[in-house]
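Numbering of the sequence shown is given in the numbering used here, commencing with residue -9 and proceeding in unit increments. By construction, the Cβ of each residue, glycine as well, lies at the ideal position given by its N, Cα and C atoms. Heads up, the thing below is written out as structure tokens.
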Amino acid sequence: MSLLEKLDRVQRIHRMIQYKRTGNPGQFAQKLGVSQSKLYQTLKELKQLGAPIAYCKYRQSYLYLHPVRFHFGFEENTLSEQEASRARGGSYGAMVPWFSGCILSWWSGKNETAGL
-9 MSLLEKLDRV QRIHRMIQYK RTGNPGQFAQ KLGVSQSKLY QTLKELKQLG APIAYCKYRQ
51 SYLYLHPVRF HFGFEENTLS EQEASRARGG SYGAMVPWFS GCILSWWSGK NETAGL
């Protein structure tokens, strides 16, 4: 199963739990097209990631103990105006001391690597 297929399954699980439409474990597994043991394993992994999942015997459905959001993907990382005003300029070598000799040699146009 590809990463995207696994992600799709997790998104389906999230939506079904979010709307409290899972049914009991057997029904939930059947809706997902997986075995109950696979369902339990996936729910365990989601709990390890911090999902506040519980089962309600009265509703016969899994639910979240409090509202949560599920998001997987990449977003552009932009700085707020406040973060940008606090950002400092400088060389990469200053942040990574063991690498600074390479940066300084490269910038100075020398062929030798100082500090390594």
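query	result
Spatial neighbours of Arg2 in its chain, beta-carbon cut-off 8 Å, leaving aside the 5 residues before and after	Leu22
First and last residue of the uninterrupted alpha helix (DSSP H) at Ser75	Glu71 to Arg76
Beta-carbon proximity check, Val58 vs Ala41, cutoff 8 Å	yes
Distance CB(Arg49)-CB(Lys(-4)) smaller than 8 Å	no
Ordered list of alpha helix (DSSP H) runs contained in the region 24 to 58, each at least 4 residues	26 to 38
As assigned by DSSP and simplified to three states, the class of Phe18	helix
CB contact below 8 Å: Lys10 versus chain D	The chain inventory of the structure shown lacks chain D, comprising one protein chain alone.
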